[in-house]
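Chemist: The structure that follows is given in the form of structure tokens.
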Amino acid sequence: MLKKKIKLILRKNLSDEIFIKISGLYHLGYLMNLKKPKTFNEKIQYRKLYDKNPLYSLCSDKYRAREYVKEKIGEDYLIPLHLVTKKLTEKQWNNLPNKFVAKANHNSGPVQIVKDKSKTYYENVAKELHRQLNEKFGILTIEYYYEEIKPLIIIEDLLMTKKGLVDDYKFHCFNSKGEFKCIFMYDYGKENDMKDYPRQMFDENFNKLPFELSRRDDGKELEKPKNFDKMISLAKKLSKDFDYVRVDFFEVDDNIYFNELTFCHACGFQSFNPREWDYKLGSYWDQKINNDN
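Quick note on numbering: the sequence shown equals residues 1 to 293 in the UniProt record's numbering.
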């Protein structure tokens, strides 16, 4: 809570560029070059400051993005939707299924996971969601395209496996002069812990890569996801309009479900170990730089 208050004070009193440089030093340990970005994190910051692509707002809206996905790959990959509302009422709550996921459409969470509605208080969930609706997420993170999104609450199916919550499959997609490159970020073990789960990195052929991105690699030998090749194909289609985007999926049995499109992974403040991979992923990103900025 204290860190968030300090962050809010800094945001109000510092320019975007100075705030980013201070945050970069704190989180990454180096002073970011925002005029001639080379690292992956620097290029995310450049996007935040100077790239005004209108598709960022559309595709970051967790509700409107469904239409974009439907157009690109079809509606079979969309998580079943139960409700879209400006305010979650008790009557609406009573009509929802026993388990579901509730979230705001204009931020990065936290999502409200309801595994058993009969053991969950409506007031607690509604209070948190309504708090999020008033949150200026885009201003806090300098991702201003979020401010163009009309805040809503959306309720979707809760996807589960026999073990518990589904694993998260994230594909960092880079498009350069007609060439596609993908880095697969495998977050697993969420059925046990939603906070301290491990992460491993792979290339598009599921060869393990020798670096960590923020989270620990516990060394576990992981099997290639059943629908990995299909997800790569879908990620390629969904990322076609962008030089870089992260495409996230869930997999339940033989079914693939779209999760979200992310244009500024971890707000551009996620540490690489070793740091050379920050430069390596940056080299994959063929970002257009305006020298007048």
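Just so it is clear, CB atoms sit at the ideal spot from N, CA and C, and this is done for glycine as well.
#1: With H, G and I counted as helix, E and B as strand and the rest as coil, what does DSSP make of Thr-141?
#2: Excluding the 5 residues preceding and the 5 following Glu-204 in the sequence, name in chain order all residues of the same chain whose CB lies nearer than 6 angstroms to its CB.
#3: Three or more C-beta pairs closer than 8 angstroms, one from the segment 254-261 and one from the segment 69-87: is that the case here?
#4: Quick one: what's got a C-beta closer than 7 angstroms to Asp-61's C-beta in the same chain, skipping five residues either side?
#5: Rounding to the nearest angstrom, what Cα-Cα distance links Lys-38 and Gly-164 in this structure?
#6: Counting C-beta neighbours from all protein chains within 10 Å, is the total for Ser-15 16 or more, i.e. buried, or is it exposed?
#7: Specify, as a first and last residue, the run of the beta strand (DSSP E) that Cys-59 falls within.
#8: As a quick exercise: from Lys-52, Ile-139 and Trp-93, pick the residue whose alpha carbon is nearest that of Leu-10.
#9: Between the segment 54-73 and the segment 23-39, are three or more C-beta pairs nearer than 8 angstroms?
#10: In angstroms, rounded to a whole number, what distance separates the CA positions of Val-247 and Phe-184?
#11: Does DSSP classify Arg-66 as helix, strand or coil?
#12: Taking a contact to mean a Cβ-Cβ separation below 8 angstroms, would you say Glu-42 touches Leu-34 in this structure?
#13: Between Phe-202 and Arg-216, what straight-line distance do the alpha-carbon atoms span, to the nearest angstrom?
#14: Please classify Ser-118 as buried or exposed, where buried requires at least 16 other C-beta atoms within 10 Å of its C-beta.
#15: State yes or no: is the C-beta of Asn-290 within less than 8 angstroms of the C-beta of Tyr-30?
#16: Please classify Asp-229 as buried or exposed, where buried requires at least 16 neighbouring CB atoms within 10 angstroms.
#17: What would DSSP say about Met-231, mapped onto helix, strand or coil?
#18: Measuring straight from C-alpha to C-alpha, what distance separates Ser-101 and Asp-292?
#19: In the DSSP assignment, find the unbroken alpha helix (DSSP H) run with Ala-266 in it and report its ends.
Modeler: Based on what the coordinates show:
#1: On the sequence shown, position 141 is the one that residue 141 refers to. In the structure shown, Thr-141 sits in a helix (DSSP, three-state: H, G or I).
#2: Your numbering for residue 204 matches position 204 in the sequence shown. Once the five neighbours on either side are set aside, the close Cβ partners of Glu-204 are Cys-182 and Ile-232.
#3: yes
#4: Numbered from its first residue, the sequence shown carries residue 61 at position 61. Cβ within range, chain order: Asn-105, His-106 and Ile-149.
#5: Looking up residue 38 in the sequence shown gives position 38. Looking up residue 164 in the sequence shown gives position 164. Their backbone Cα atoms lie some 40 angstroms apart in a straight line.
#6: Counting from one through the sequence shown, the residue named residue 15 turns up at place 15. Ser-15 should be labelled exposed.
#7: Here residue 59 refers to the residue found at position 59 when the sequence shown is read from its first residue. Per DSSP, Cys-59 belongs to no beta strand (DSSP E); it is in the alpha helix (DSSP H), 55-60.
#8: Taking the first residue of the sequence shown as position 1, residue 10 is located at position 10. Checked all of Lys-52, Ile-139 and Trp-93; the closest Cα to Leu-10 is Ile-139.
#9: no
#10: Stepping through the sequence shown from its first residue, residue 247 is reached at position 247. Stepping through the sequence shown from its first residue, residue 184 is reached at position 184. Each residue's alpha carbon lies about 10 angstroms from the other.
#11: In the sequence shown, the residue the question calls residue 66 occupies position 66. Note: Arg-66 maps to helix in three-state DSSP.
#12: The count along the sequence shown starts at 1 and reaches residue 42 at position 42. The count along the sequence shown starts at 1 and reaches residue 34 at position 34. The answer is yes: Cβ separation under 8 angstroms.
#13: Residue 202 sits at position 202 when you count from the first residue of the sequence shown. Residue 216 sits at position 216 when you count from the first residue of the sequence shown. Rounded to the nearest angstrom, the two C-alpha atoms are 14 angstroms apart.
#14: The residue given as residue 118 occupies position 118 in the sequence shown. It counts as exposed.
#15: By one-based count along the sequence shown, residue 290 stands at place 290. By one-based count along the sequence shown, residue 30 stands at place 30. Against a cut-off of 8 angstroms, the Cβ pair of Tyr-30 and Asn-290 comes out as no contact.
#16: Locating residue 229 in the sequence shown gives position 229, counting from the first residue. Exposed, since its Cβ has fewer than 16 Cβ neighbours within 10 Å.
#17: By one-based count along the sequence shown, residue 231 stands at place 231. In the structure shown, Met-231 sits in a helix (DSSP, three-state: H, G or I).
#18: Here residue 101 is taken as the residue at index 101 of the sequence shown, counted from 1. Here residue 292 is taken as the residue at index 292 of the sequence shown, counted from 1. The sequence shown places Val at residue 101, rather than the Ser named in the question. Their Cα atoms are separated by approximately 44 angstroms.
#19: Residue 266 sits at position 266 when you count from the first residue of the sequence shown. Premise fails: Ala-266 is in no alpha helix (DSSP H) and is neither H nor E.
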